[in-house]
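The next block holds one structure in the form of C-alpha coordinates; read it before the comments.
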Amino acid sequence: MCVLHDLLGDSVGYTSVFLVITLIVSFIKWYLGRNDDYWKKRGVPYVPRLNFFTMLYKFSTMNITDFFKDITNKGRVVGSFENTSPNVVVSDPDVLRDIYVKDFHIFPYRRIFETGDAITDKAVSILTGEDWKRVRTIITPAFTSRRMRQMGSIMNECSRSLIDVCERHYKEGKAVDFKSMFGTYTMDVIARSAFGTKINSHDDPDNEFVKKVREAFLNFSIGRMILALLIPPWILKWIPFNNPMRLDTDNFFRDVTMNVIKTRKETGQRYNDFLQLLMDAADETAQTENQKDVEDETDRFGSITNNGLTPSANYKKIVRRGTSRSVCHVLHGWT
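FYI, this note's numbering numbers position 162 of the sequence shown as 214, with every residue one higher than the one before it.
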(Lines of atoms letter the chains of each structure in order from A; the text may use other names.)
(Lines give C-alpha, C1' and ligand atoms only; values in the text may rest on other atoms or scores of the structure.)
Protein backbone atom coordinates (compact mmCIF):
# COMPACT_ATOMS: atom_id res chain seq x y z
CA MET A 53 0.00 0.00 0.00
CA CYS A 54 2.83 2.34 0.89
CA VAL A 55 4.50 1.66 -2.46
CA LEU A 56 1.23 2.28 -4.32
CA HIS A 57 0.70 5.49 -2.35
CA ASP A 58 4.20 6.68 -3.24
CA LEU A 59 3.66 5.91 -6.91
CA LEU A 60 0.32 7.72 -6.96
CA GLY A 61 1.85 10.64 -5.08
CA ASP A 62 4.69 10.94 -7.60
CA SER A 63 2.22 10.64 -10.48
CA VAL A 64 0.00 13.39 -9.06
CA GLY A 65 3.07 15.55 -8.45
CA TYR A 66 4.35 15.15 -12.02
CA THR A 67 0.86 15.81 -13.39
CA SER A 68 0.58 19.01 -11.38
CA VAL A 69 3.96 20.23 -12.59
CA PHE A 70 3.02 19.36 -16.18
CA LEU A 71 -0.29 21.24 -15.88
CA VAL A 72 1.42 24.30 -14.39
CA ILE A 73 4.03 24.35 -17.17
CA THR A 74 1.31 23.90 -19.80
CA LEU A 75 -0.69 26.78 -18.35
CA ILE A 76 2.37 29.05 -18.25
CA VAL A 77 3.35 28.21 -21.84
CA SER A 78 -0.24 28.70 -23.02
CA PHE A 79 -0.46 32.07 -21.29
CA ILE A 80 2.84 33.25 -22.79
CA LYS A 81 1.72 32.11 -26.25
CA TRP A 82 -1.61 33.91 -25.84
CA TYR A 83 0.04 37.05 -24.48
CA LEU A 84 2.56 37.27 -27.33
CA GLY A 85 -0.06 36.65 -30.01
CA ARG A 86 -2.94 38.67 -28.56
CA ASN A 87 -2.47 41.42 -31.18
CA ASP A 88 -1.64 39.19 -34.16
CA ASP A 89 -4.98 39.98 -35.84
CA TYR A 90 -4.82 43.71 -35.01
CA TRP A 91 -4.17 44.89 -38.58
CA LYS A 92 -6.27 42.15 -40.18
CA LYS A 93 -9.36 43.37 -38.30
CA ARG A 94 -8.76 46.87 -39.62
CA GLY A 95 -8.21 45.83 -43.23
CA VAL A 96 -4.65 47.18 -43.32
CA PRO A 97 -1.98 45.27 -45.28
CA TYR A 98 0.54 44.01 -42.77
CA VAL A 99 3.61 41.92 -42.12
CA PRO A 100 2.92 39.05 -39.68
CA ARG A 101 4.59 39.22 -36.29
CA LEU A 102 7.90 37.39 -36.07
CA ASN A 103 9.06 35.66 -32.94
CA PHE A 104 12.21 36.92 -31.25
CA PHE A 105 14.60 34.33 -32.68
CA THR A 106 13.26 34.60 -36.24
CA MET A 107 13.53 38.38 -36.12
CA LEU A 108 17.06 38.24 -34.71
CA TYR A 109 18.08 35.78 -37.44
CA LYS A 110 16.61 37.97 -40.19
CA PHE A 111 18.31 41.12 -38.95
CA SER A 112 21.60 39.25 -38.58
CA THR A 113 21.58 37.74 -42.07
CA MET A 114 19.51 40.19 -44.11
CA ASN A 115 20.42 43.65 -45.36
CA ILE A 116 18.41 46.22 -43.40
CA THR A 117 17.44 47.97 -46.66
CA ASP A 118 16.03 44.75 -48.13
CA PHE A 119 14.17 44.06 -44.88
CA PHE A 120 12.26 47.35 -45.03
CA LYS A 121 11.85 47.09 -48.80
CA ASP A 122 9.93 43.85 -48.27
CA ILE A 123 7.62 45.74 -45.93
CA THR A 124 7.06 48.78 -48.16
CA ASN A 125 6.39 46.50 -51.16
CA LYS A 126 3.09 45.62 -49.48
CA GLY A 127 1.91 49.22 -49.73
CA ARG A 128 2.62 52.82 -48.77
CA VAL A 129 1.00 52.39 -45.35
CA VAL A 130 1.74 48.96 -43.89
CA GLY A 131 1.07 47.45 -40.48
CA SER A 132 3.90 45.72 -38.66
CA PHE A 133 4.85 44.59 -35.18
CA GLU A 134 7.62 45.44 -32.78
CA ASN A 135 7.59 42.60 -30.29
CA THR A 136 3.83 42.51 -29.54
CA SER A 137 3.08 46.18 -30.22
CA PRO A 138 1.39 47.12 -33.53
CA ASN A 139 3.36 49.67 -35.57
CA VAL A 140 2.68 51.52 -38.81
CA VAL A 141 5.35 51.85 -41.52
CA VAL A 142 4.61 54.87 -43.73
CA SER A 143 6.38 55.41 -47.06
CA ASP A 144 3.81 57.68 -48.75
CA PRO A 145 5.46 61.13 -49.14
CA ASP A 146 2.13 62.95 -48.84
CA VAL A 147 1.23 61.19 -45.61
CA LEU A 148 4.71 61.79 -44.21
CA ARG A 149 4.44 65.48 -45.07
CA ASP A 150 1.18 65.70 -43.15
CA ILE A 151 2.66 63.89 -40.15
CA TYR A 152 5.84 65.98 -39.97
CA VAL A 153 4.40 69.37 -40.96
CA LYS A 154 0.66 69.93 -41.25
CA ASP A 155 -0.44 67.58 -38.46
CA PHE A 156 2.73 67.66 -36.39
CA HIS A 157 0.77 68.95 -33.38
CA ILE A 158 -1.05 65.61 -33.33
CA PHE A 159 2.21 63.63 -33.36
CA PRO A 160 4.47 65.60 -31.00
CA TYR A 161 5.82 62.62 -29.10
CA ARG A 162 7.87 59.63 -30.10
CA ARG A 163 8.20 56.25 -28.46
CA ILE A 164 10.21 56.01 -25.26
CA PHE A 165 13.68 54.85 -26.21
CA GLU A 166 16.49 54.43 -23.70
CA THR A 167 20.02 53.12 -24.17
CA GLY A 168 21.12 53.38 -20.56
CA ASP A 169 23.79 55.92 -21.52
CA ALA A 170 23.45 59.36 -19.89
CA ILE A 171 24.77 61.15 -23.00
CA THR A 172 23.04 59.18 -25.75
CA ASP A 173 19.69 59.41 -23.99
CA LYS A 174 19.88 63.22 -24.30
CA ALA A 175 19.99 63.11 -28.12
CA VAL A 176 17.39 65.29 -29.82
CA SER A 177 16.14 62.20 -31.69
CA ILE A 178 15.37 60.50 -28.35
CA LEU A 179 14.23 63.33 -26.10
CA THR A 180 10.54 64.09 -25.58
CA GLY A 181 8.45 66.86 -24.07
CA GLU A 182 10.05 70.00 -22.67
CA ASP A 183 13.59 68.58 -22.93
CA TRP A 184 13.10 68.04 -26.66
CA LYS A 185 11.76 71.58 -27.10
CA ARG A 186 14.72 73.05 -25.21
CA VAL A 187 17.39 71.20 -27.21
CA ARG A 188 15.51 71.82 -30.45
CA THR A 189 15.50 75.55 -29.68
CA ILE A 190 19.25 75.45 -29.16
CA ILE A 191 20.20 73.68 -32.39
CA THR A 192 17.61 75.12 -34.80
CA PRO A 193 19.45 78.46 -35.37
CA ALA A 194 22.54 76.48 -36.42
CA PHE A 195 20.76 75.10 -39.50
CA THR A 196 19.94 78.30 -41.36
CA SER A 197 21.18 78.35 -44.97
CA ARG A 198 23.58 81.21 -44.25
CA ARG A 199 25.24 79.43 -41.37
CA MET A 200 25.41 76.12 -43.18
CA ARG A 201 27.15 77.84 -46.10
CA GLN A 202 29.79 79.07 -43.69
CA MET A 203 30.98 75.48 -43.30
CA GLY A 204 31.61 75.16 -47.05
CA SER A 205 35.27 76.10 -46.63
CA ILE A 206 35.79 73.14 -44.30
CA MET A 207 34.34 70.66 -46.77
CA ASN A 208 36.30 72.25 -49.63
CA GLU A 209 39.55 71.82 -47.69
CA CYS A 210 38.75 68.17 -46.92
CA SER A 211 37.86 67.66 -50.60
CA ARG A 212 41.23 69.06 -51.68
CA SER A 213 42.96 66.59 -49.35
CA LEU A 214 40.96 63.76 -50.94
CA ILE A 215 41.94 64.91 -54.44
CA ASP A 216 45.61 65.08 -53.40
CA VAL A 217 45.47 61.49 -52.15
CA CYS A 218 43.83 60.32 -55.41
CA GLU A 219 46.49 62.09 -57.48
CA ARG A 220 49.25 60.58 -55.38
CA HIS A 221 47.87 57.08 -55.89
CA TYR A 222 47.54 57.74 -59.63
CA LYS A 223 51.16 58.90 -59.97
CA GLU A 224 52.42 55.92 -57.98
CA GLY A 225 50.25 53.50 -59.97
CA LYS A 226 48.57 52.13 -56.85
CA ALA A 227 45.09 50.66 -56.65
CA VAL A 228 42.53 52.80 -54.87
CA ASP A 229 40.08 51.47 -52.29
CA PHE A 230 37.34 54.06 -52.80
CA LYS A 231 35.16 52.73 -49.99
CA SER A 232 37.93 53.22 -47.48
CA MET A 233 39.02 56.51 -49.04
CA PHE A 234 35.58 58.10 -48.94
CA GLY A 235 35.13 56.73 -45.42
CA THR A 236 38.20 58.63 -44.27
CA TYR A 237 37.01 61.71 -46.17
CA THR A 238 33.68 61.55 -44.32
CA MET A 239 35.52 61.15 -41.04
CA ASP A 240 37.67 64.21 -41.79
CA VAL A 241 34.59 66.33 -42.55
CA ILE A 242 32.81 65.23 -39.36
CA ALA A 243 35.88 65.80 -37.20
CA ARG A 244 36.45 69.27 -38.65
CA SER A 245 32.83 70.45 -38.74
CA ALA A 246 31.44 68.88 -35.57
CA PHE A 247 34.49 68.75 -33.31
CA GLY A 248 36.75 71.47 -34.69
CA THR A 249 39.53 68.88 -34.91
CA LYS A 250 41.82 68.39 -37.91
CA ILE A 251 42.87 64.74 -38.09
CA ASN A 252 43.93 64.07 -41.73
CA SER A 253 42.94 60.41 -41.48
CA HIS A 254 44.27 59.70 -45.00
CA ASP A 255 47.89 60.08 -43.88
CA ASP A 256 47.47 59.44 -40.16
CA PRO A 257 45.37 56.26 -39.73
CA ASP A 258 46.72 55.76 -36.19
CA ASN A 259 45.27 59.05 -34.96
CA GLU A 260 43.42 58.54 -31.65
CA PHE A 261 40.24 60.07 -33.06
CA VAL A 262 40.33 57.70 -36.04
CA LYS A 263 40.89 54.66 -33.84
CA LYS A 264 37.97 55.56 -31.57
CA VAL A 265 35.61 55.91 -34.53
CA ARG A 266 36.75 52.55 -35.93
CA GLU A 267 36.17 50.92 -32.55
CA ALA A 268 32.63 52.27 -32.61
CA PHE A 269 32.06 50.78 -36.07
CA LEU A 270 33.53 47.40 -35.10
CA ASN A 271 31.23 47.26 -32.09
CA PHE A 272 28.15 47.88 -34.23
CA SER A 273 26.07 45.17 -35.91
CA ILE A 274 22.38 44.79 -36.70
CA GLY A 275 22.02 41.75 -34.44
CA ARG A 276 23.63 43.52 -31.49
CA MET A 277 21.54 46.61 -32.14
CA ILE A 278 18.31 44.58 -32.05
CA LEU A 279 19.37 42.99 -28.77
CA ALA A 280 20.13 46.43 -27.35
CA LEU A 281 16.68 47.65 -28.39
CA LEU A 282 14.79 44.64 -27.05
CA ILE A 283 16.58 44.18 -23.73
CA PRO A 284 15.60 46.75 -21.05
CA PRO A 285 18.45 49.17 -20.13
CA TRP A 286 18.40 48.15 -16.46
CA ILE A 287 19.14 44.56 -17.51
CA LEU A 288 21.92 45.60 -19.92
CA LYS A 289 23.76 47.21 -17.01
CA TRP A 290 24.08 43.85 -15.27
CA ILE A 291 25.08 41.58 -18.13
CA PRO A 292 28.42 41.39 -20.03
CA PHE A 293 27.10 43.02 -23.19
CA ASN A 294 28.86 45.81 -25.06
CA ASN A 295 25.94 48.00 -26.10
CA PRO A 296 26.46 49.09 -29.76
CA MET A 297 24.17 52.08 -29.18
CA ARG A 298 26.76 53.58 -26.83
CA LEU A 299 29.38 54.90 -29.23
CA ASP A 300 31.22 57.02 -26.67
CA THR A 301 31.73 54.50 -23.88
CA ASP A 302 34.84 56.17 -22.45
CA ASN A 303 33.67 59.78 -23.03
CA PHE A 304 36.47 60.38 -25.54
CA PHE A 305 34.37 62.45 -27.97
CA ARG A 306 32.71 64.34 -25.15
CA ASP A 307 36.09 65.25 -23.65
CA VAL A 308 37.40 66.36 -27.05
CA THR A 309 34.36 68.58 -27.53
CA MET A 310 34.56 70.11 -24.05
CA ASN A 311 38.29 70.84 -24.47
CA VAL A 312 37.68 72.58 -27.80
CA ILE A 313 34.87 74.66 -26.29
CA LYS A 314 37.04 75.59 -23.31
CA THR A 315 39.95 76.62 -25.57
CA ARG A 316 37.73 78.78 -27.78
CA LYS A 317 36.16 80.50 -24.79
CA GLU A 318 39.58 81.25 -23.30
CA THR A 319 41.24 82.43 -26.52
CA GLY A 320 38.23 83.99 -28.23
CA GLN A 321 39.01 82.11 -31.46
CA ARG A 322 36.17 81.49 -33.90
CA TYR A 323 35.83 78.93 -36.70
CA ASN A 324 33.26 78.27 -39.40
CA ASP A 325 32.27 74.84 -38.13
CA PHE A 326 29.18 73.21 -36.67
CA LEU A 327 30.53 73.41 -33.14
CA GLN A 328 30.87 77.19 -33.44
CA LEU A 329 27.32 77.42 -34.77
CA LEU A 330 26.03 75.53 -31.76
CA MET A 331 28.05 77.70 -29.39
CA ASP A 332 26.65 80.84 -31.04
CA ALA A 333 23.14 79.41 -30.86
CA ALA A 334 23.64 78.68 -27.16
CA ASP A 335 24.81 82.25 -26.55
CA GLU A 336 21.88 83.72 -28.47
CA THR A 337 19.40 81.53 -26.61
CA ALA A 338 20.95 82.47 -23.27
CA GLN A 339 20.88 86.19 -24.11
CA THR A 340 17.23 85.99 -25.13
CA GLU A 341 16.33 84.16 -21.94
CA ASN A 342 18.37 86.62 -19.89
CA GLN A 343 16.57 89.59 -21.47
CA LYS A 344 13.21 87.97 -20.75
CA ASP A 345 14.17 87.46 -17.10
CA VAL A 346 15.28 91.09 -16.83
CA GLU A 347 11.98 92.34 -18.26
CA ASP A 348 9.97 90.09 -15.96
CA GLU A 349 11.88 91.24 -12.90
CA THR A 350 11.50 94.90 -13.90
CA ASP A 351 7.76 94.52 -14.39
CA ARG A 352 7.32 92.84 -11.03
CA PHE A 353 9.64 94.85 -8.78
CA GLY A 354 10.71 97.93 -10.73
CA SER A 355 14.34 97.02 -10.12
CA ILE A 356 16.80 94.25 -10.84
CA THR A 357 18.73 92.36 -8.21
CA ASN A 358 21.60 89.91 -8.54
CA ASN A 359 19.31 87.14 -7.37
CA GLY A 360 16.97 87.92 -10.24
CA LEU A 361 19.69 87.06 -12.73
CA THR A 362 20.62 83.75 -11.16
CA PRO A 363 18.07 81.58 -13.06
CA SER A 364 19.35 82.91 -16.36
CA ALA A 365 22.95 82.23 -15.39
CA ASN A 366 22.05 78.67 -14.45
CA TYR A 367 20.15 78.28 -17.72
CA LYS A 368 23.20 79.41 -19.64
CA LYS A 369 25.29 76.71 -18.01
CA ILE A 370 22.67 74.13 -18.92
CA VAL A 371 22.55 75.38 -22.52
CA ARG A 372 26.30 75.15 -22.94
CA ARG A 373 26.34 71.71 -21.43
CA GLY A 374 23.68 70.80 -23.96
CA THR A 375 25.91 72.15 -26.73
CA SER A 376 28.60 69.57 -26.06
CA ARG A 377 26.00 66.83 -25.79
CA SER A 378 24.37 67.83 -29.06
CA VAL A 379 27.70 67.53 -30.86
CA CYS A 380 28.19 64.05 -29.43
CA HIS A 381 24.78 63.12 -30.81
CA VAL A 382 25.76 64.45 -34.25
CA LEU A 383 28.52 61.86 -34.24
CA HIS A 384 26.08 59.24 -32.98
CA GLY A 385 23.77 59.90 -35.91
CA TRP A 386 26.46 60.11 -38.59
CA THR A 387 28.38 57.02 -37.52
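Even glycine gets a Cβ: it sits at the ideal position worked out from N, Cα and C.
- As DSSP reads the structure, P138 sits in a beta bridge with F133.
- Non-local C-beta neighbours of F133 in its own chain, meaning closer than 6 Å and more than five positions away in sequence, comprise R101, ordered along the chain.
- A residue is called buried when at least 16 other Cβ atoms come within 10 angstroms of its Cβ; A243 meets this threshold and is buried.
- Classified as exposed, L148 has fewer than 16 neighbouring CB atoms from the shown chains inside 10 Å of its CB.
- For W91, the number of other beta carbons within 10 angstroms of its own is at least 16, and it is reported as buried.
- In the three-state DSSP reduction, Y90 falls in the helix class (H, G or I).
- If you check the CB distance, T249 and V308 come in under 8 Å.
- Within the same chain, and ignoring the five residues on either side of C218 in sequence, the residues whose Cβ sits closer than 8 Å to its Cβ are V228, M233.
- DSSP assignment within the segment 198–222 yields no whole beta strand (DSSP E) run of 3 residues or more.
- In this chain, the alpha helix (DSSP H) harbouring Y237 covers 230–247.
- The alpha-carbon of M310 is positioned some 52 Å away from that of I76.
- The segment 76–90 and the segment 135–143 touch, with three or more beta-carbon pairs separated by less than 8 Å.
- A direct Cα-to-Cα measurement between D332 and I191 gives close to 10 Å.
- Looking at F79, V141, T189, the one whose alpha-carbon comes closest to that of V130 is V141.
- In the DSSP assignment, Y98 forms a beta bridge with G131.
- One alpha carbon belongs to D88, the other to N139, and they sit about 12 Å apart.
- Per DSSP, N252 is not a residue of any alpha helix (DSSP H), being assigned neither H nor E.
- Two segments are said to touch when three or more pairs of C-beta atoms, one from each, lie closer than 8 Å; by this definition the segment 181–191 does not touch the segment 199–209.
- Of the other Cβ atoms in all chains shown, 16 or more fall within 10 Å of the Cβ of H254; this residue is therefore buried.
- Between I151 and S211, the alpha-carbon positions lie close to 37 Å from each other.
- In this structure, the beta-carbon distance from N259 to S213 does not fall below 8 Å.
- Its Cα nearest to that of T124, the residue V99 stands out among D146, T106, V99.
- The alpha-carbon of I215 is positioned some 14 Å away from that of G235.
- Under the three-state reduction of DSSP, Y323 is assigned to coil, being neither helix nor strand.
- For T189, the enclosing alpha helix (DSSP H) begins and ends at 181–191.
- One thing to note: P97 has its Cβ within 8 Å of the Cβ of K126.
- In this structure, V312 and F247 form a Cβ contact; the two beta carbons are roughly 6 Å apart against a cut-off of 8 Å.
- For K231, the closest alpha carbon among the candidates I178, M239, F104 is that of M239.
- Here R128 is near D144, since their CB atoms are less than 8 Å apart.
- Less than 8 Å separates the beta-carbon of F304 from that of K264.
- Annotation for Y323: G248 place their beta carbon closer than 7 Å to its own, counting only its chain and skipping 5 residues before and after.
- In the three-state reduction of the DSSP assignment, K154 falls in the helix class, which pools H, G and I.
- In this structure Q328 is buried. Its beta-carbon is surrounded by 16 or more other beta-carbon atoms within 10 angstroms.
- Here Y237 has C210, L214 as same chain residues with Cβ atoms under 7 Å from its own Cβ, once five neighbours each way along the sequence are excluded.
- Judged by DSSP in its simplified three-state form, M114 adopts coil rather than helix or strand.
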